[in-house]
Amino acid sequence: MITRTGLILFAIWVVILATTPLHADNYIVRTAIMISMYSVLALSWNFIGGFTGYPSFATVAFFGLGAYVGAIAQRNGVPMVVAWMLATIVVGAFAAALGSILLRLKGHYFAIGSIAVVEVCRLVISSWRSVTGGGDGLNIPLLRWSPDDVAIFFLMVMLVLMIIVFALNAFVSRHRLGFGLHCIRQNEDAADMVGINTTLYKVIAFTLSALFVGTAGAAYASWVGYIDPTDSFSILMTVKVPVMVLLGGAGTVLGPVIGAASFVVLEEIFWSNFLDWNRAILGMVIVFLIFFLPGGLLRVSFRKVRDRLKGREGVAT
Amino acid sequence: MAFQNSKESRCSTFGQRCNAGLLQGVGLAAAALALLVAAVPMAAAQETIRIGAPLALTGGLADEGMKQQLVYRMWAEKVNAAGGIEVNGRSHQVEIVEYDYQSDGPRAGQLAERLATRDRVHLIMAPFGSGHTVIAGTVGERYRVPTVACVAGAESVFSTGNRYLFGTISPNGNITETVVQYLVDSYPDLRRVAILGRDDVFPKSMAESTAESAKAAGLEVVYNALYSVGTMDHSSSMTSIRRAEPDWIYITGYSQDLILARRQMEDLGLTAPVVTMVTGPAMKEFTEGLGGLANGVTSSTWWHHSATYEGLGVWPTTASFYEDFLAASGGEDPDYVHGACGGALSMLEEVLPRAGSLDGEAIRDALAETSIETFYGPIDIGENGMNQARDLPIIQVQNGSVVVLYPEVIATGSLQILEE
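Heads up: the protein sequence lines correspond to chains U and W, in order.
Per my numbering, the very first residue in the first sequence carries number 1; after that it's consecutive.
Per my numbering, the very first residue in the second sequence carries number 1001; after that it's consecutive.
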């Protein structure tokens, strides 16, 4: 559920991101693209991880798969935008098929299973050399535009994706699907007994969590011009996404956006200013945020933080 | 919870207090973004030549990234102490702008973009990995900033038509032909070769071109396979290789892969008269990590410090670089990564004055016509932007230290055959 205030804030945020090319250099624009891309990933993850409460680590499998489907299609002469659509469809179908098997697992077992999906995808892509180029990776035809135009174009693409996934999040949270997913998160057996088709609902949520991640992957591939199995299926990336959602507030509509933005910006600040200690500092920040803000930035209460620092436990969240 | 229908639960997310939290969150992100825009210093004084260096200081390629960093710093210090580089009648100090790209592709692109736009570097020294070189080079090309790769050996990196990407080590093809020829000459009984390669740009292309060179030289390739990045167990490959009974085992990969492979060969009792590992003994981690087991392993490399080349600029001979390096590293020997990256920077001392300007296009044109001698060996940039063929050293670990077998002018020993 999202209020008018939330919606206005999101609109302002979109405007801020969309206008970066007007008042900042391309490095900032690139950061804005990364923020939008990670927002797409985090908002997508929210369907399965936030609403449904299934800790999926498969996000990067969809991302990498989308990147590869898009890249292979483009190399075979499919126009760029059509290649992205193709990637969306293939990844969606893959997630639906996979979901019906994988979602029989619960809790930790599901988490491990979803990590295995990433590994299997990486190995298949890396071994299927005739199609994917294996460890050599793939070069994708680059857009021969000026750097400014390329940056603006991909910023708009990622922003549009972000708005679509955001709207879907808002829609699902109001719809009976969102209600059903929430029931599944609270008690799956009970949800089943009151007549919710839990399998169907979970598969829908899982597919939604994959669809636009696939598109984002394909767009990313067109943007950077080179992909390889190690980077496209990086475990680090798949862990980042849930952290972003938790940072912002899982199961809310605006949380993933705030989480993704804060995470990317924090990362950038630490990277550019602390060459040797950036990872340690970022790690400490994450530990701090998760420990003191268990509900995410959306539920910050400074009184509670203060109480905790003093050793007194605040009222339960 | 955000998606409940009751009024009460809606309030818990976006009620008064929550709205405050929300505002704080959005405000925080916006403020931080503004901080990024405002707080980063603009490029320093005009006079400095800025060279961007996305380095892999953490992650899988950290060892190699640190080697690059060490040599970059040595060079900048030395050049600045000597008065900088003269371009168009004016002396310029040099500055290396370093970032850690975490051995992560997207971040390499992000940092290259930062270097090109925010730091306005004149040149980018490419990251270690061949794939990451492609990503950084693509960004460089967009901004017309030349990118120099000092350790990317795979020709595929230079076949993308990027006019702004240059490489200073020689194509893998030459190196493998030399090795095959040398081994056939020194060990006439060599007939059967088993090849195991890491499925990654550079090691893979080494494995493939060795297979071709071996076939061309009339050897029989009895085993030829690739293992994927991150493989923690080579025992099934080793068992298959043992069944194939090769005279020569050739394995490619980076230090950690090869240390593991050598140990598992020992565990499974797999031996052959000749064992070659690339990069293996070319990196000191290999000999240090394996101790006695490293003995007898041969390798090809791009550079060895016992070579005697005449150079230019701050390092006029190989010996002068070696001496400086020992002082900087606390007595440890340099390997080819140090040599190749030092050589690439040395090259700039000749290229930049010849370019006559710090404009990206001028530097690119000057780089494309480079044909010089450095302490690292000759650098002669070819059509595709890569250094042309030259004699590359073959080395072997003998009694714990690295001995040069080839070329004869710098050889310090001859091939030892391993006992079956």
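C-beta atoms are modelled at their ideal positions from N, C-alpha and C, and glycine is treated no differently.
Any chain U beta carbon closer than 8 Å to residue 1134/W: yes
Partners in chain U for residue 1201/W, counting only beta-carbon separations shorter than 9 Å: 135, 136, 137, 228
Which bits of chain W does residue 234/U rub up against, with CB to CB less than 9 Å? 1104, 1105, 1106
For the beta strand (DSSP E) holding residue 1166/W, just list the boundary residues, first then last. 1165-1167
What does the alpha-carbon distance come out to for the pair residue 25/U and residue 108/U? 44 Å
I want to see whether chain U comes within less than 8 Å of residue 1109/W, judged by CB atoms only; does it? yes
DSSP has residue 1149/W in a bridge; who is on the other side? 1167/W
I need the DSSP call for residue 1264/W, collapsed to helix, strand or coil. helix
In whole angstroms, give me the CA-to-CA distance for residue 19/U and residue 1174/W. 51 Å
Proximal residues, the region 1148-1181 of chain W versus chain U, C-beta separation under 7 Å: 1156, 1160
Looking at the secondary structure, which residues open and close the alpha helix (DSSP H) in which residue 1072/W lies? 1062-1081
Curious, which full-length alpha helix (DSSP H) runs of at least 4 residues does the region 221-295 of chain U contain? 229-232, 235-248, 255-273, 278-292
Using the three-state DSSP reduction, which class does residue 1122/W fall into: helix, strand or coil? coil
Using 8 Å as the limit for Cβ to Cβ distance, is residue 25/U near chain W? yes
Residues of chain W with CB closer than 9 Å to the CB of residue 34/U, please, in chain order. 1106, 1110
DSSP state of residue 1099/W mapped onto helix, strand, coil: strand
Along the chain, where does the beta strand (DSSP E) that runs through residue 157/U open and close? Run containing residue 157/U: none in the beta strand (DSSP E); it sits in the alpha helix (DSSP H), 147-174.
Of the residues 143/U, 77/U, 133/U, which one's Cα is nearest the Cα of residue 220/U? 143/U
Counting only Cβ pairs nearer than 7 Å, list the residues of chain W close to residue 225/U. 1138
Taking C-alpha atoms, which residue in 1086/W, 1280/W, 1236/W, 1060/W lies nearest to residue 1252/W? 1280/W
Using the DSSP secondary-structure output, state which residues sit across from residue 1380/W in a beta bridge. 1371/W
Counting only beta-carbon separations shorter than 8 Å, does residue 318/U have a partner in chain W? In the structure as shown, chain U starts at 1 and stops at 317, and residue 318/U therefore has no counterpart that could be examined.
Could you compute how far the alpha carbon of residue 1006/W sits from the alpha carbon of residue 3/U? Residue confidence is low: residue 1006/W scores 37 on pLDDT, short of 50, so the model does not pin down where it sits. Its coordinate-derived value is still stated next. Taking the straight line joining both Cα atoms gives about 13 Å.
CB-CB under 6 Å to residue 31/U, same chain, minus the five flanking residues each way: which ones, in chain order? 268
Drop a sphere of 10 angstroms on the beta-carbon of residue 1043/W, count the other beta-carbons inside from all chains shown, and report buried for 16 or more, exposed for fewer. With a pLDDT of 41 at residue 1043/W, under the threshold of 50, the predicted position of this residue should be treated as unreliable, and no value is reported.
Candidates 1314/W, 1324/W, 1302/W, of which the one nearest residue 1387/W by Cα: 1302/W
Once you ignore the five residues that flank residue 191/U on each side, which residues in its own chain have a CB closer than 6 Å to its CB? 183, 184, 198
When the distance is taken between beta carbons, is residue 1381/W closer than 8 Å to residue 1304/W? no
If you measure between the beta carbons of residue 262/U and residue 247/U, is that distance less than 8 Å? yes
Residue 95/U by DSSP, collapsed to three states: which one? helix
Do residue 1157/W and residue 1130/W have their C-beta atoms within less than 8 Å of each other? yes
Close-in-space but distant-in-sequence residues of the same chain around residue 152/U (CB under 8 Å, 5 per side omitted): 21, 29
Starting from residue 1298/W, follow its DSSP beta bridges and name the residues at the other end. 1276/W, 1396/W
Residue 84/U: contacting residues in chain W (beta-carbon distance under 8 Å): The contacting residues do not exist; residue 84/U stays about 18 Å from chain W at best.
Check whether the Cβ atoms of residue 118/U and residue 210/U lie closer than 8 Å to each other. no
Any C-beta of chain U sitting closer than 8 Å to the C-beta of residue 1252/W? no
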